[in-house]
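Residue numbers for the sequence shown, in the UniProt record's numbering: 1 to 283. Ideal Cβ positions, reconstructed from N, Cα and C, are used throughout, including at glycine. Note sheet for the following structure.
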Amino acid sequence: MSAATATTATTAATATAAGDLRADGRIPLRAHVRHTSALVRRNLLWIRQDPESMFDAVLFPIVFTLLFVYVFGGSIGQSLGGGQEAYVQYIVPGLMAMMGMNMAQGVGTGFNQDFNTGVMDRFRSLPIGRGSVLFAKISVEMMRMLIATAILMVVGVLVGFDITDWPGLFAAVGLSAVFGSALMWVFLTLGVVMKNAQSVQAMGFLVLMPLQFGSSIFAPPQSMPGWLQNFTEYNPLSSLADAARGLMVGGPVAQDLWMTLAWSVGITAVMAPVAIHKFRTKT
């Protein structure tokens, strides 16, 4: 029996323990917490069985940091008035802003895989709160995000990034997680309605790639054509990246911070009901 399967069996025993169901058939909060813990353990054991699933979290911050710093850093850094050193201070907070998006995409692909491998069918037969399945997946993806962020900061320091505001750094991580949590509802919907994980990843690529490169994550918008500057100005990823820069290296923060929070609330208000409806319908 595999570790993930064994943990699913453990979840079954946990779910059917005394006191997990009220007289009205509802699951109490204490049982939800216990179910979530068991499912988090199951997801972590799955990663242990399939360490390749961590490649994106480990390699993304390394490859992107080195690529943009050493390939584009000199030319783009000149437009910032400081060469490669200035670009390091610019790009690292921008890449930080992308960590939440990776977390969101991981939730969508993870749910799709669980549907296609029959794991959700197993959970459907158990008195497990549907919210526990969701919170467990989010918790594990949050751990992956923190690992990727830690690697990004180590690589960033090695290439010259200067951490000037530690509280601001933690605030930027939190802001990225908030925005990623909003995008999670988009990818959760995709994970439920798409046929396979490859389709979820492909659709995510088509959605996120224009938003990423049409933002201020990688380059200042002043060097872009006028029509693209207009798009960049209202792009939520630009607000997120600029807010992260302000928090981590100094600069204006308030407007971009509130814009990011407003986008997060708006996306959640629109997509959360859709995602929950699709999820409940399929489970």
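Using a 10 angstroms sphere on the CB of K195, the tally of other CB atoms stays under 16, which defines it as exposed. Around the Cβ of V88, a 10 Å sphere holds 16 or more other Cβ atoms; the residue is buried. Contact check for P93 and M224: beta-carbon distance about 19 Å, past the 8 Å limit, so the pair fails to qualify.
The beta carbon of G204 sits closer than 6 Å to those of Q105, all from its chain and outside the five residues before and after it, given in chain order. Distance from the CA of K137 to the CA of F213, rounded to the nearest whole angstrom, comes to 28 Å. Nearest in C-alpha terms to R280, of all of F55, M98, F123, is F123.
Cβ-Cβ distances below 6 Å link G74 to Q84 in the same chain, with the five nearest sequence neighbours on each side left out; the list follows chain order. Secondary structure at Y234: coil, using DSSP grouped into helix, strand and coil. In this structure R30 is exposed. Its beta-carbon is surrounded by fewer than 16 other beta-carbon atoms within 10 angstroms. A straight-line Cα-Cα distance of about 13 Å links M98 and R144. Pairing D165 with A241, the inter-Cα distance amounts to about 16 Å. DSSP places L247 in the helix class (H, G or I) of the three-state scheme. When C-beta atoms of the stretch 58-74 are compared with those of the stretch 162-177, fewer than three pairs fall below 8 Å, so the two segments do not count as touching.
Straight-line measurement puts the Cα of I27 at about 13 Å from the Cα of V133.
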